[in-house]
Structure formats: structure tokens, C-alpha cells
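First the structure, in the form of C-alpha cells, and then the observations on it.
Protein chains in written order, with my numbering: chain A, 214 to 326; chain B, 235 to 302.
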């Protein structure tokens, strides 16, 4: 999460949204904790998806959590969108080794005007 | 299958059908080139954010497990 800050700082006209089941207060605490190192604000809007409606709309509900009280947690995923809202790049994690790196996200943002 | 067992199974099946949400639509993740679905969600400062308001800028959307 702190790594996304470098993306926010490196790119001028980019909005970064994080989406999870963390409540706003939890996200506020996380953002404050990250900013405590003096390297600047997080620069990411951490959004609360209370009933996993957005997670489901994106087809990302993680089946590994089905039937548990953590049901609704998403598979980690990153989408890079262009200025018209179209998906230009995406990485959906099926294995922890497939996590999108900051380098990949930066390259995706640089790949189009 | 004997009659009372059949009746029990039928009752169980009916109860299950009644408990399922009506028309649960399953979505696939948006493909390259597709317009990403809009959303309106509250951020860490209590501010409502919509994806469509970010048109005109490049966007990075990160779905994560969270820290609960």
C-alpha cells in the first residue's frame, strides 16, 4: 500500500483508488501510519465497499473465503484505466506470486498517452 | 427412496430454493478495452468518490484484501 504512494508522486494526472472491506476509520489509521514516515501523504483514496457490491460487480469475490465471515473479500487485482475509463491493463491475482508490482503499474501508465 | 425420506428431501430442496437470493448476477472482471464499471464509495476521510468523476485522468484501481 505504501508503495502506491510512489506512483501517486511520480505521476501528475493519475487518480489512485484502493478498494477493500476496511472501514473508513481503519483506512484512515492506515493512511496516517504510512504518512508518519515523513515521505508525504499516501495520495490514494482508500474506499470502503461495505457489501462487496463493487467487488462483485468487478467479478473479484475470492472463493477461498466463501462461507466464512470474511466472505466478500476480493482477490487482489489492479486495473489501469485511460482517461475515458477503459481498461488498458489489468492483473488479477490467482497466486501470491502474481501480484502486480509498482514497476508494472508505472509501465502500464506510461504505455499510453 | 421411501416416501418420508422423499418428502424430507423435497422439503429441504424447497427451503434451500427459498433461501437463495433472487437472480444473483455473476459478473466477470472487465476485459481490456471495456469501460470499467462505475462505483460510488466512501474514502478514509468520509468523502464519497465516484469513478466516473475521474474521467479525464488516468486511473489505477487496486482491490486488496484489507487489514480488517
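Every residue gets a Cβ at the ideal spot worked out from N, C-alpha and C, and that includes glycine.
- At a C-beta separation below 8 Å, residue 279(B) has these neighbours in chain A: 237, 241.
- Between the alpha carbons of residue 262(A) and residue 232(A) lies a gap of roughly 7 Å.
- In the structure shown, residue 254(A) falls within a coil segment according to DSSP collapsed to helix, strand and coil.
- Using a Cβ-Cβ cut-off of 8 Å, residue 286(B) counts as an interface residue toward chain A, since at least one Cβ of chain A sits closer than that to its own.
- Around the C-beta of residue 281(A), fewer than 16 other C-beta atoms lie within 10 Å, and the residue is accordingly described as exposed.
- With contacts defined by Cβ atoms closer than 8 Å, residue 263(B) and residue 313(A) do not form a contacting pair.
- Around the beta-carbon of residue 243(B), fewer than 16 other beta-carbon atoms lie within 10 Å, marking it exposed.
- Contact between the stretch 234-254 of chain A and the stretch 292-302 of chain A is not established, with fewer than three Cβ pairs separated by less than 8 Å.
- Relative to the Cα of residue 265(B), the nearest Cα in the group 275(A), 216(A), 304(A) belongs to 304(A).
- By the neighbour-count definition (other C-beta atoms within 10 Å, threshold 16), residue 284(B) is an exposed residue.
- The residue among 246(A), 269(A), 265(A), 225(A) with its C-alpha nearest the C-alpha of residue 326(A) is 225(A).
- Residue contact with chain A for residue 275(B): present (Cβ-Cβ distance below 8 Å to some residue of chain A).
- For a Cβ distance threshold of 9 Å, residue set 296, 297, 298, 299 of chain B lies close to residue 289(A), ordered along the chain.
- Using a Cβ-Cβ cut-off of 8 Å, residue 295(A) counts as an interface residue toward chain B, since at least one Cβ of chain B sits closer than that to its own.
- With a threshold of 16 other beta carbon atoms within 10 Å, residue 254(A) falls short and is exposed.
- Exposure of residue 259(B) is indicated by the presence of fewer than 16 other C-beta atoms within 10 angstroms of its C-beta.
- The Cβ neighbour count for residue 309(A), taken over all protein chains shown within 10 Å, is under 16; the residue is labelled exposed.
- Judged by their CB atoms, residue 251(A) and residue 268(A) are not nearer to each other than the 8 Å cut-off.
- In the DSSP secondary-structure assignment, residue 231(A) is bridged to 259(A), 296(B).
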